[in-house]
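Protein chains: 2
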Amino acid sequence: MARPPSPASKGKAPRTARGEKTLRKILDAALAEFGQRGFHESSIVGITRRARVALGTFYTYFDSKEAVFAALVRDMSSQVRDHVAPAIEGATDGLDVERLALASYLRFVVDHKEVYRIIDEAEFVDPQGFRTHYETTAERIAARLAAATSKGELRDDGDLANEVRAWALMGMNVFLGLRFGVWSHEDADEVADHANAMLRKGLES
Amino acid sequence: MARPPSPASKGKAPRTARGEKTLRKILDAALAEFGQRGFHESSIVGITRRARVALGTFYTYFDSKEAVFAALVRDMSSQVRDHVAPAIEGATDGLDVERLALASYLRFVVDHKEVYRIIDEAEFVDPQGFRTHYETTAERIAARLAAATSKGELRDDGDLANEVRAWALMGMNVFLGLRFGVWSHEDADEVADHANAMLRKGLES
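Okay, here's the thing in structure tokens:
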């Protein structure tokens, strides 16, 4: 795979391992700042204080508060993807992939409750980043479902059905994460098993 | 059913039909103002100008910009519920209820695209209202599913399964509305049919 573009603003990508580490510290501090205070109440000084870096260091990597927020949205999106990817490797079939992906996502949000605040606030602060996050996530799910369909595992109801399924699964995962990961806690595997039974054989008795 | 509390601030409920009409005008104007400009850029003057009422009239009914926003969240939540309720009356069984509810919701959001901006921004402006909206919506779905289960229509996997199903359905509906109602348009019945086939018999071939 191609190396992903740096989260830094244009022309400000770090050139050393030490620079990469500082950039990471700023992103982690931005997550804590935006996650706790929201975009409007957050400040660059609040971020640099949390990261224990000088104000000038911030501007070495980012142009503005908006820029670091947009970088954080892409970063959280990648973190979710990278957390889930290894969890689905032992799946027995296409629907088992979705069960493992949901269980892994539920565990991720318990430890990263701020992810909801960040992605949700992006709708207002960084609308394009918000849309890209959900579109790329849905495309990833749609590709997995299409692969399982072409193997004959899933009923083939055409392209629109595949896209409807992908967006339905994503919405399901987002709301199960909010309810059973952020607002209160429930065993991730048990929740994922119930959701997966619905996907596998439906709800009819 | 008990009469719902007035959307007006405490002690400011209108006492005449004319007052009710003015309150409605203010809420509709608030929807346009908040929907287009977002909470932070919106102003009470912007709302009264759109509603063509005097600034003092606003304060006859609401204490603040926060108060009218919170009232609008409850109002949109009720509008969704009231729009969907008659659509599900002709349902043939419990899962047909969910098909008709989704199709009706998809039609609603095409004509009320601002509903997403309002409910989503409530997470930051009126967190309690945001949570109440989703919790009451999920409770409504859970009650419908539990009724269908007790009639023997749906597989009974216990209380947690019923709650997981309700939150999964709600998330599915929210994201299908965003994708196929707000961001682009697709035939509501076709989308609802595909989603419903998944709920009814699952995805396995």
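For the record, the sequence lines run as chains W and Z.
FYI, full-length UniProt numbering numbers position 15 of the first sequence as 15, with every residue one higher than the one before it.
FYI, full-length UniProt numbering numbers position 175 of the second sequence as 175, with every residue one higher than the one before it.
We put the CB at the ideal spot given by N, CA and C, even for glycine.
Extent of the continuous alpha helix (DSSP H) run through residue i
i      : result
Z/K47  : Note that residue 47 of chain Z is Ile in the sequence shown here, rather than Lys. Z/I47 -> alpha helix (DSSP H) spans I44 to A51.
W/G38  : A17 to E41
W/F180 : Segment: none, W/F180 is in no alpha helix (DSSP H) and carries neither H nor E.
Z/T60  : L55 to Y61
W/K65  : K65 to A87
Z/S150 : P127 to S150
W/S104 : G94 to D111
W/H194 : A188 to K201
Contacts that residue i makes with chain Z (C-beta to C-beta distance below 7 Å)
i      : result
W/A195 : V164 and A168
W/D122 : Looking at the sequence provided, one finds Ala at residue 122 of chain W rather than Asp. Per Cβ cutoff of 7 Å: no residues; W/A122 is ~10 Å from chain Z at best.
W/A161 : H194
W/H40  : H40
W/R179 : W167
W/D111 : Within chain Z, no residue comes near W/D111; the closest Cβ sits about 20 Å away, beyond 7 Å.
Cβ-based burial, residue i [other Cβ within 10 Å; buried from 16]
i      : result
W/R15  : exposed
W/P127 : exposed
Z/M1   : Bear in mind that the predicted position of Z/M1 carries a pLDDT of just 47, short of 50, making it unreliable; the figure below should be weighed with that in mind. So Z/M1 ends up on the exposed side.
W/R99  : buried
Z/D187 : exposed
W/E163 : buried
Z/R18  : exposed
Z/P86  : exposed
Z/H112 : buried
Z/S77  : buried
Z/S205 : exposed
Z/E121 : buried
W/R144 : buried
Z/R147 : Looking at the sequence shown, residue 147 of chain Z is not Arg but Ala. Counting Cβ neighbours within 10 Å, Z/A147 comes out exposed, since fewer than 16 surround it.
Z/E123 : buried
Z/T48  : buried
W/G177 : buried
Z/G90  : exposed
W/G152 : exposed
Z/P5   : exposed
Whole-number beta carbon distance between residue j and residue i, since they are thought to touch under 8 Å
i      : j      : result
W/T149 : W/D159 : Actually they are not in contact, since the Cβ atoms of W/T149 and W/D159 sit about 10 Å apart, beyond 8 Å.
Z/L31  : Z/V45  : Their Cβ separation, rounded to whole angstroms, is 16 Å, which puts Z/L31 and Z/V45 out of contact at 8 Å.
Z/F108 : Z/V80  : 6 Å
Z/F62  : Z/K12  : 7 Å
W/V174 : Z/F175 : 7 Å
W/A67  : W/I26  : Not really, about 11 Å apart at Cβ, beyond 8 Å.
Z/A138 : Z/A161 : Their Cβ separation, rounded to whole angstroms, is 14 Å, which puts Z/A138 and Z/A161 out of contact at 8 Å.
W/G202 : Z/G202 : 4 Å
Z/Y116 : Z/V182 : 6 Å
W/G94  : W/L154 : 6 Å
Z/I141 : Z/M172 : That pair is no contact at about 10 Å.
Z/H40  : W/H40  : 6 Å
W/K10  : W/S42  : Going by Cβ atoms, the distance from W/K10 to W/S42 rounds to 22 Å, so no, they are not a contact pair.
Within chain W, the residues that residue i reaches when beta carbons sit closer than 9 Å
i     : result
Z/F34 : Within 9 Å Cβ-Cβ: nothing; Z/F34 doesn't reach chain W, min ~11 Å.
Z/K21 : Result: empty, since nearest Cβ-Cβ is about 32 Å, beyond 9 Å.
Neighbour list for residue i in chain W, Cβ cutoff strictly below 7 Å
i      : result
Z/E114 : Residues of chain W passing the Cβ test: none, with the nearest at roughly 12 Å.
Amino acids of chain W, ordered along the chain, whose beta-carbon sits closer than 8 Å to that of residue i
i      : result
Z/V73  : Ordered by position in chain W, no residue passes the 8 Å Cβ test against Z/V73, which lies about 15 Å from the chain.
Z/V191 : L160 and V164
Z/D63  : By Cβ distance, chain W contributes nothing, its closest Cβ being about 21 Å from Z/D63, past 8 Å.
Z/D157 : H194 and A197
Z/L95  : L203 and E204
Interface residues of chain Z facing residue i [CB-CB closer than 8 Å]
i      : result
W/L55  : Near W/L55 there are no residues of chain Z at all, since even the closest Cβ is about 25 Å away, more than 8 Å.
W/E139 : The contacting residues do not exist; W/E139 stays about 12 Å from chain Z at best.
W/E153 : E204 and S205
W/R200 : G202, L203 and E204
W/L176 : V164, W167, A168 and G171
Residue i: contacting residues in chain Z (beta-carbon distance under 9 Å)
i     : result
W/V80 : Per Cβ cutoff of 9 Å: no residues; W/V80 is ~15 Å from chain Z at best.
W/M76 : Correct list: empty, because the minimum Cβ distance to chain Z is about 16 Å.
Beta carbon proximity, residue i to chain A, threshold 8 Å
i      : result
W/A147 : The structure shown contains no chain A; its protein chains are W and Z.
| field | Three CB pairs or more closer than 8 Å across the region 96–106 of chain W and the region 185–200 of chain W | value | yes
| said: With three or more C-beta pairs closer than 8 Å as the rule, is the region 128–139 of chain Z touching the region 72–79 of chain Z? | reply: Segments in contact, yes.
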